[in-house]
Structures are given as C-alpha cells and as structure tokens.
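Chemist: I'd like to ask you about the structure that follows.
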Amino acid sequence: MDTFDSIPEQALAWHRAGEGAALATVIRTWGSAPRRVGAQLAISGSGAIEGSVSGGCVEGAVIVEALEALEDGKVRELEFGVSDEDAFAVGLACGGTIQVLVEPVGGALSEELLAELCAARAARRAVAYVADLDSGARQLVDSGHEERFRMDRSGFEEDSRRFVAIHNPPLRLIVVGAVHIAQALVPMARIAGYDPVIVDPREAFGSSARFPGETILNDWPDEAVTQLGLDARTALVLLTHDPKLDDPALECALRSGCFYIGALGSTRTHAKREARMTEQGFTPEEIGRIHGPVGLDIGAAGPAEIALSILAEMTRVLRKGA
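Right, dumping it as structure tokens:
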C-alpha cells in the first residue's frame, strides 16, 4: 500500500456534498478475520462505498446498518461471524469474528474532527483517533500511543472501552543511487508497503528504462531529499559509493527525523564516512544513526540478497526501534 487510502477523505467529501456519510471501522477481531483492526469502509447516503471491512463477507449488512445510522445519527456496534466458506472465498483458510463500529459523520463523528483528521493525513502527520465508546467522546492525539504508532496497531486500550485508531503516514523509501541493488530493493520495498523514490543525477542510471513505472528524480541528492522531506515514516538508503552524491544527502538525513539511514560500503569505507561526518560537526550519537555497512549480516551474495538484507534491517528498525 504505497499511498494513503482515501476512505476518511471520501466520507468527508460525501458529507460536505450533502449526500450524508458514515465510517465503519473494524474494532476487534477473533480468528482469521479478513481485515485487520482499523480497516475502514465509507458509506454514502446513496449506498456508495469506499474501502472494506471484511473483503466482501459482511459489507452488505454494514451498509444497511450505516444507512440506518444516517437516519438517527447514532453509533452502531456490530458483530459478525465469518463462516469458513466465506473466509475461503476471500483467501483465508478458516473463518473468524469481527466487530465493526459505524459512526455517522455529523453525528457521533463531527465534521470538524473528521476534517482535522484528513488535514493531518494530508500533512503526513501521524495521529490517533480515540473514541470512548462509553462516554461518546472523540478526539485526535499525536502522542501517548508510541507503541501503537510504531507497530501501526489500532485497538482497544487495556481494560477499557477506548478504541484507538492509528493513522500513520504511508511508509516511504528514498534510494540515492540507481544501481543494481536499487533495481532489486525498490520492487521489494513496494511489496512491503513503501512508496519508493529513486534519486540519481546521472540520467543513464536513473532512467525509466531501468526502473519502469517508478518515481525517479534526476536531481542532486541533497536537493531531492530537501524537496521530498525526511520524516519519521521515511527511510533513506545511500547506494552510490560516491561521497559527492551520498554525503550531502547523508547530512540532510542526520538533521532529520527519518527512522532509518543506511549507507552501502565496507567497514573501511564506513569509517571514512564517519570521519567526514565528524569533520562536518556531527556528534558520535548522530553518526551512530547510520547503518553501515548497510543491511543485516546474512551473508548476502549479489544485489537481490543485499536488497533483502537492507529491507530486513529497515523492518527491524521500524518495528523494534533499533
């Protein structure tokens, strides 16, 4: 999933157009439920839909409940059992149970709060939508749920009826150096949910022939990463072996909040890189953020295995923080 879904945005658009809209959210699952907690479905007053809460098993019933919720403005908490037969139809080995929260926009979910959520998503700002299902209170917060943000994990707070829906920006990977390893890393990263961007001022390397269908910037790396921005959902991987290209982008990254910085090269090459960064005034703690030699030590041989080791290390840092 390389970009945001547009489900909250579509619900807001339908509401503002006067059609009415409701948001349905998976709030709890048991067994092999088709969609994970936090998955959403937007329903318009005319029955149009965007998104999914079950892969097709229970959408019809959710739509009926959503239209009724639009009539009375009240929240619905629904529970559905997904049969083994229906589960198999959507690619699962066995069935399960899901609970779905249906919130009419302009009722339980105010237009103002939904607009604030959409604005945060557009700005790539991680926020949590917190719904107290007992009191009816709703709010957006950007702190206090660090583990949930890191793991992209929506759910109920322990021993409570407070549901926390995590809205993280899409993961993004910026690769500096359109080399052989990048040709393997970019499609792997896309499968893992990253939106990849390739940066290389050398047009012979950074070409659509070598990276069909991908976003390529033939700019100097420091200009490109400044333009793109480096935030807590962005990984930067430097593959050129050329300090003239890698170092300016590396300096930008060390001043940023990107969650992962990896740089290709031997232990000796990395020691020289650390010395150059020290000369630029970076502290040992800042320089320690660089993963070099890049990737987990899995004995990788060849570009594809090196790419695999890089993606594995990115995943470890994203999910475990180190």
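Take the sequence shown: its letters are residues 2 to 323, numbered as in the working numbering.
The beta carbon of each residue, even a glycine, is placed where N, CA and C say it ideally should be.
Predicted model, so just to flag it, every value in this text is computed and none were measured.
1) Would you tell me roughly how many angstroms separate the C-alpha atoms of residue 2 and residue 197, rounded to the nearest one?
2) Under DSSP, the alpha helix (DSSP H) around residue 249 begins and ends at which residues?
3) Quick one: measure Cβ to Cβ for residue 234 and residue 125, integer angstroms, because I've assumed they're closer than 8 angstroms.
4) Do residue 250 and residue 220 count as a contact pair if the criterion is CB distance below 8 angstroms?
5) Closest by CA to residue 226, which one among 115, 252, 10, 110?
6) Evaluate residue 269 with the Cβ neighbour count: other Cβ atoms within 10 Å of its Cβ, from every protein chain shown; 16 or more gives buried, anything less gives exposed.
7) Are residue 7 and residue 72 close, meaning C-beta to C-beta below 8 angstroms?
8) Tell me whether residue 153 counts as near the ligand GTP, meaning its Cβ is closer than 7 angstroms to at least one heavy atom of that ligand.
9) Locate the alpha helix (DSSP H) running through residue 102, then write down its first and last residues.
10) Excluding the five sequence neighbours on either side, which residues of its own chain have a C-beta within less than 6 angstroms of the C-beta of residue 262, listed in chain order?
11) Which residues does DSSP list as the beta-bridge partners of residue 291?
12) Does the count of Cβ pairs from the region 179-186 and the region 301-311 closer than 8 angstroms reach three?
13) Check this for me: beta carbons of residue 110 and residue 139, under 8 angstroms apart or not?
14) So, using beta-carbon positions, are residue 101 and residue 63 closer together than 8 angstroms?
15) Tell me which residue opens and which closes the alpha helix (DSSP H) that residue 50 is part of.
16) At what residues does the beta strand (DSSP E) containing residue 32 begin and finish?
17) Based on the DSSP output, what are the partners of residue 45 in its beta bridges?
18) Quick one, are the C-beta atoms of residue 127 and residue 188 less than 8 angstroms apart?
19) Apart from the five residues just before and just after residue 315, which ones in its own chain have a Cβ nearer than 6 angstroms to its Cβ?
20) Would the beta-carbon of residue 131 fall within 8 angstroms of that of residue 25?
21) What's the gap between the Cα of residue 282 and the Cα of residue 230?
22) In its own chain, which residues sit with a C-beta less than 6 angstroms from the C-beta of residue 81, not counting the 5 before and 5 after it?
23) Would you check if the distance between the CB atom of residue 156 and the CB atom of residue 142 is smaller than 8 angstroms?
24) Residues in its own chain within less than 8 angstroms of residue 135 by CB, not counting five upstream and five downstream?
25) Short of 7 angstroms in beta carbon distance, which residues of its chain neighbour residue 114, apart from the five on each side in sequence? Order them along the chain.
26) Would you say residue 247 and residue 177 are within 8 angstroms of each other, going by their C-beta atoms?
27) Quick one: what does DSSP say residue 320 is sitting in, helix, strand or coil?
28) Assign residue 133 to one of three DSSP states: helix, strand, or coil.
Modeler: Looking at the atomic coordinates:
1) Note that residue 2 scores a pLDDT of 36, beneath 50, so its modelled location is shaky and nothing firm can be said.
2) Run containing residue 249: 244-255, per the alpha helix (DSSP H) assignment.
3) In this structure, residue 234 and residue 125 form a Cβ contact; the two beta carbons are roughly 7 angstroms apart against a cut-off of 8 angstroms.
4) Against a cut-off of 8 angstroms, the Cβ pair of residue 250 and residue 220 comes out as no contact.
5) With distances taken between Cα atoms, residue 226 lies closest to 252.
6) Under this definition residue 269 is an exposed residue.
7) Cβ atoms of residue 7 and residue 72: not closer than 8 angstroms.
8) Within the structure as shown, the ligand GTP is missing, as the structure has no ligands at all.
9) From DSSP, residue 102 is part of no alpha helix (DSSP H) but of the beta strand (DSSP E) over 97-105.
10) 237, 254, 290, 291.
11) Per DSSP, 262.
12) The region 179-186, when compared against the region 301-311, does touch it at the 8 angstroms Cβ threshold.
13) By the CB criterion at 8 angstroms, residue 110 and residue 139 fall inside the cutoff.
14) Result yes, Cβ atoms of residue 101 and residue 63 sit closer than 8 angstroms.
15) Residue 50: not part of any alpha helix (DSSP H); member of the beta strand (DSSP E) spanning 50-52, first to last residue.
16) For residue 32, the enclosing beta strand (DSSP E) stretches over residues 22-32.
17) In the DSSP output, where bridge partners are listed per residue, residue 45 has 22.
18) Not in contact: residue 127 and residue 188 (Cβ atoms no closer than 8 angstroms).
19) Taking residue 315 as the centre and dropping the five residues before and after it, the same chain places the C-beta of 236, 261 closer than 6 angstroms to its C-beta, in chain order.
20) Not closer than 8 angstroms, so no.
21) Rounded to the nearest angstrom, the two C-alpha atoms are 22 angstroms apart.
22) Excluding sequence neighbours, residue 81 sits near 59, 99.
23) It is not a contact, given that the beta carbons lie outside the stated cut-off.
24) So the qualifying residues of the chain are 162.
25) Residues of the same chain with a CB within less than 7 angstroms of the CB of residue 114, apart from the 5 flanking positions on each side, are 139, 141 in chain order.
26) One thing to note: residue 247 has its Cβ within 8 angstroms of the Cβ of residue 177.
27) In the structure shown, residue 320 falls within a helical segment according to DSSP collapsed to helix, strand and coil.
28) Assigned with DSSP and collapsed to three states, residue 133 falls in strand.
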